[in-house]
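One structure below.
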Amino acid sequence: MQSSSKRTYYLIPYLAWMLLFVIAPIILVVYFSLFDLHGNFSFVNYQNFFTSVYLKLTLSSFWYALLITGFTLLIAYPTAYWLTKTKHKHLWLLLIIIPSWINLLLKTYAFIGIFGVFGPINAFLGMFGIDQQQILYTDFSFIFVSVYIFIPFMILPIFNSLDKMNPTLIDASRDLGASTWTTFTKVIFPLTINGVKSGIQAVFIPSLSLFMITRLIAGNKVITLGTAIEQQFLVTQNWGMGSTIAVFLILFMVIIMMLTGQKDKGVLLNGQNK
Amino acid sequence: MKDIVRATIAIVVICALLFYANFQLNETTGRAGNDTISVYNWGEYIDPELIAEFEEETGITVVYETFDSNEAMMTKIEQGGTSYDVAIPSEYAIEKMKENKLLIPIDHSKIPNLQNIDPYFLDLPFDPGNEYSIPYFWGTVGIAFNPALLEDNLTFESWEDLWDASLNQEVILVDGAREVMGVGLNTLGYSLNTNDEAQLYEATEKLKTLSPNIKAIIGDEIVETMRRGEAAVALVWSGQAADIMYVNEDIDFAVPIEGSNLWFDNMIIPKTAANVEGAHKFINFMLDPEIAARNADYVGYSTPNEKAIELMDPEVTGDERFYPTEEMRERLEVYQNLGVETLGLYNELFLEFKMDAQ
Numbered sequence: 005m006q007s008s009s010k011r012t013y014y015l016i017p018y019l020a021w022m023l024l025f026v027i028a029p030i031i032l033v034v035y036f037s038l039f040d041l042h043g044n045f046s047f048v049n050y051q052n053f054f055t056s057v058y059l060k061l062t063l064s065s066f067w068y069a070l071l072i073t074g075f076t077l078l079i080a081y082p083t084a085y086w087l088t089k090t091k092h093k094h095l096w097l098l099l100i101i102i103p104s105w106i107n108l109l110l111k112t113y114a115f116i117g118i119f120g121v122f123g124p125i126n127a128f129l130g131m132f133g134i135d136q137q138q139i140l141y142t143d144f145s146f147i148f149v150s151v152y153i154f155i156p157f158m159i160l161p162i163f164n165s166l167d168k169m170n171p172t173l174i175d176a177s178r179d180l181g182a183s184t185w186t187t188f189t190k191v192i193f194p195l196t197i198n199g200v201k202s203g204i205q206a207v208f209i210p211s212l213s214l215f216m217i218t219r220l221i222a223g224n225k226v227i228t229l230g231t232a233i234e235q236q237f238l239v240t241q242n243w244g245m246g247s248t249i250a251v252f253l254i255l256f257m258v259i260i261m262m263l264t265g266q267k268d269k270g271v272l273l274n275g276q277n278k
Numbered sequence: 014m015k016d017i018v019r020a021t022i023a024i025v026v027i028c029a030l031l032f033y034a035n036f037q038l039n040e041t042t043g044r045a046g047n048d049t050i051s052v053y054n055w056g057e058y059i060d061p062e063l064i065a066e067f068e069e070e071t072g073i074t075v076v077y078e079t080f081d082s083n084e085a086m087m088t089k090i091e092q093g094g095t096s097y098d099v100a101i102p103s104e105y106a107i108e109k110m111k112e113n114k115l116l117i118p119i120d121h122s123k124i125p126n127l128q129n130i131d132p133y134f135l136d137l138p139f140d141p142g143n144e145y146s147i148p149y150f151w152g153t154v155g156i157a158f159n160p161a162l163l164e165d166n167l168t169f170e171s172w173e174d175l176w177d178a179s180l181n182q183e184v185i186l187v188d189g190a191r192e193v194m195g196v197g198l199n200t201l202g203y204s205l206n207t208n209d210e211a212q213l214y215e216a217t218e219k220l221k222t223l224s225p226n227i228k229a230i231i232g233d234e235i236v237e238t239m240r241r242g243e244a245a246v247a248l249v250w251s252g253q254a255a256d257i258m259y260v261n262e263d264i265d266f267a268v269p270i271e272g273s274n275l276w277f278d279n280m281i282i283p284k285t286a287a288n289v290e291g292a293h294k295f296i297n298f299m300l301d302p303e304i305a306a307r308n309a310d311y312v313g314y315s316t317p318n319e320k321a322i323e324l325m326d327p328e329v330t331g332d333e334r335f336y337p338t339e340e341m342r343e344r345l346e347v348y349q350n351l352g353v354e355t356l357g358l359y360n361e362l363f364l365e366f367k368m369d370a371q
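If you read the sequences in order, they're chains A and B. Just so you know, the first sequence maps onto residues 5 to 278 in our numbering. Just so you know, the second sequence maps onto residues 14 to 371 in our numbering.
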């Protein structure tokens, strides 16, 4: 009895935190979304959201977020895999994580110089007689920089699940005659799927609402839900519409979390917990 | 884990000590006193040396902060929180702030230097009698271009030149809804302050045909991009053009004949002010002919200060691209406060245009 009341006591800071910084803001966002420009209660913002401009915006946000997540996964999975095979794996991991300590804006500004018409990449291409290319303000530069920024967040969970996996399972699979590819698709990948799912959550959701990179690197030719929210709040001062877009963004996030939800099985049952 | 905790504690302790030392030092030089003013200004819009001089002359400490749009500035002042003493918005923002009762009237007896201002810039429709605002700089919106990078002999005397087929992926626009929508409206011969929806839709359709020529829609980064010669053409405020030309002399600036925007930025005292006395001193200081001349030299925008112009290089102040004659100003239009509804439409259409610009 005493221990259970003690447990409730420990819960208080957590509950207070959730209430103040998670639940209250969400309620406020929903509340603001129900008012039009003149402060009257209405659903006009929700009607507005279902016009072609915002639907197109949502689609393009999802498309770019999908591309970014796809490329990040494509690079992060093999990297995490090789990391677990190296001798000083934690040192290598640290080296990959360190760049994520640097401010995002600083890194973004650096890319403006690197991708510039007179930047090092064009100078390098020039050595092979390739004409100056416009790299900045293209879809390519936008996706490249976003992938670069998100890679550590994808590598980390995948590395953890790969690292926890029992290596004897691979030997067993090989002994039983499975090819390298079959071993990967039937043993390694299913056992690390939870890491991949957390990685996707950590990348897909933030890329839906990227906004500084869209201006600095993509020259506002890529517009995401984040850009639209920023504009509604700071320029138009239509807080209702800004909140409405935010409500939909929250809804999308919930859906994504549900789709990539984790069921606690696999790693702990099959692998040895070190 | 223990190491991390120790390291964190060490850093916190060192910061606290440094903070204390800094406070002590300020105390002894008499700087951390109550006499402080907060100035809220656009980025790159003052000669920083002048702030230091003002501090030395008056003993008032200046806390300086910047914003990048009138709307962001208004939102912050409306929220309260920080007690800004002086801010420098544009005319339509002043109209709106007046409407929302966010301003404190200015006591003209405390601003003797007001007599240095060209009467043309006083008593304008957005603030009759300059009850709430004092002119700081003025300028236009136009096109900065690099003739060395142009294939055709474009002069940008007309907005239509932006649509020239040789400019594929070469045009940079400033990230402002009214400026960009203004290009569409001006090209079609409509008013920059229109609230006629049909005209606005037509302007958006016109702008969409510009999409193939658009390289980017960005903010202050335009200046660097143009300086380095990475783009041939940019829609900019006149002072940005002056900034660009200061470094890269190849570049020229034109205000198209169909008309454009004429704007005035003015010093105001927001309702949040904590040191109204200090704010008046600051405004008066900035109007001093010598100070205003140096500021104009540094910032590159056009000064409304007659006495300052006398002190400046006649080559600069005689340049009609930056100091258009009164006759030329006739073609230009000052933004009016359109109200939230119409402004919302401008922004929605601007967003639509941006999405089309891919």
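Using N, Cα and C, we set each Cβ at its ideal position, and we do this for glycine too. Here the structure is a predicted model, which is why all the values come from computation and not from measurement.
Item to check | Three-state secondary structure assigned by DSSP to residue 155 of chain B | outcome: strand
Checklist entry - Which residue comes first and which comes last in the beta strand (DSSP E) that contains residue 105 of chain A? => result First-last for residue 105 of chain A: undefined, no H or E at that position.
Checklist entry - residue 353 of chain B versus chain A: which residues are under 9 Å apart at the beta carbon? => result 41, 42, 240, 241 and 242
Next on the checklist: Assuming contact is defined by CB atoms lying nearer than 8 Å, are residue 249 of chain A and residue 232 of chain A in contact in what I supplied?
Outcome noted: yes
Checklist entry - Could you check where the alpha helix (DSSP H) with residue 358 of chain B kicks off and where it finishes? => result 352 to 369
Checklist entry - From residue 138 of chain B to residue 171 of chain B, what distance separates their C-alpha atoms? => result 28 Å
Item to check | Enclosing alpha helix (DSSP H) for residue 83 of chain B [first to last residue] | outcome: 83 to 92
Checklist entry - Mapping DSSP to helix, strand and coil, what is residue 280 of chain B? => result strand
Next on the checklist: Whether or not the segment 206 to 218 of chain B and the segment 168 to 186 of chain B are in contact is what I'm after, with contact meaning three or more pairs of Cβ atoms, one per stretch, closer than 8 Å; do they touch?
Outcome noted: no
Next on the checklist: Using C-beta distances below 7 Å, list every residue in its chain close to residue 100 of chain A, excluding the 5 sequence neighbours before and after it, in chain order.
Outcome noted: 156 and 159
Next on the checklist: Along the chain, where does the beta strand (DSSP E) containing residue 250 of chain B start, and where does it finish?
Outcome noted: 246 to 250
Next on the checklist: Please report whether the beta-carbon of residue 176 of chain A lies at a distance below 8 Å from any beta-carbon of chain B.
Outcome noted: no
Checklist entry - Between residue 47 of chain A and residue 41 of chain A, what straight-line distance do the alpha-carbon atoms span, to the nearest angstrom? => result 11 Å
Item to check | Contact belief for residue 367 of chain B with residue 230 of chain B at Cβ below 8 Å, rounded distance in angstroms | outcome: 6 Å
Next on the checklist: Looking at chain B, is there any beta carbon in it that lies within less than 8 Å of the beta carbon of residue 250 of chain A?
Outcome noted: no
Item to check | Cβ distance (whole Å) where residue 81 of chain A is taken to contact residue 147 of chain A below 8 Å | outcome: With a Cβ gap of about 18 Å, residue 81 of chain A and residue 147 of chain A do not count as contacting.
Next on the checklist: For a cutoff of 8 Å on Cβ pairs, would you count residue 232 of chain A as touching chain B?
Outcome noted: yes
Item to check | Three-state secondary structure (DSSP) of residue 53 of chain B | outcome: strand
Checklist entry - Around the Cβ of residue 254 of chain A, are there at least 16 other Cβ atoms within 10 angstroms (buried) or fewer (exposed)? => result exposed
Item to check | When A:215, A:251, A:230 and A:165 are compared against residue 201 of chain A, the one with the closest alpha-carbon | outcome: A:165
Item to check | Closest Cα partner of residue 268 of chain B within the set B:344, B:258, B:322 and B:225 | outcome: B:344
Checklist entry - Around the Cβ of residue 153 of chain B, are there at least 16 other Cβ atoms within 10 angstroms (buried) or fewer (exposed)? => result buried
Item to check | Closest by C-alpha distance to residue 50 of chain B, when choosing among B:75, B:177, B:29 and B:66 | outcome: B:75
Item to check | Any 3 or more C-beta pairs closer than 8 Å across the segment 286 to 302 of chain B and the segment 271 to 278 of chain B | outcome: no
Item to check | Buried or exposed by the 16-neighbour rule on C-beta atoms within 10 Å, applied to residue 31 of chain A | outcome: exposed
Checklist entry - Can the beta-carbon of residue 197 of chain B be found less than 8 Å from the beta-carbon of residue 220 of chain B? => result yes
Checklist entry - How close, in whole Å, do the beta carbons of residue 217 of chain B and residue 362 of chain B come, if the pair is a contact with beta carbons under 8 Å? => result 5 Å
Checklist entry - Alpha carbon to alpha carbon, how far is residue 335 of chain B from residue 266 of chain B? => result 9 Å
Checklist entry - Can you find a CB in chain A that lies within less than 8 Å of the CB of residue 345 of chain B? => result no
Next on the checklist: Suppose you measure from the CA of residue 55 of chain A to the CA of residue 83 of chain A; what does that come to, to the nearest Å?
Outcome noted: 42 Å
Checklist entry - Which one of B:326, B:323, B:297 and B:303 has the shortest CA to CA distance from residue 126 of chain B? => result B:297
Next on the checklist: Just to make sure I have the definition right: I need the residues of chain A whose C-beta is within less than 8 Å of the C-beta of residue 188 of chain B. Which are they?
Outcome noted: 219 and 224
Checklist entry - Does the distance from the CB of residue 196 of chain A to the CB of residue 214 of chain A come in under 8 Å? => result no
Item to check | Inter-residue Cα distance where the pair is residue 43 of chain B and residue 119 of chain B | outcome: Only weak support exists for where residue 43 of chain B lies, its pLDDT of 45 falling under 50; the value from the coordinates is given anyway. Straight-line Cα distance between these residues: approximately 29 Å.
Checklist entry - In chain A, which residues lie less than 8 Å from residue 368 of chain B when you measure between Cβ atoms? => result 57, 60, 61, 64 and 227
Next on the checklist: Quick check on residue 147 of chain B: does DSSP put it in helix, strand or coil?
Outcome noted: strand
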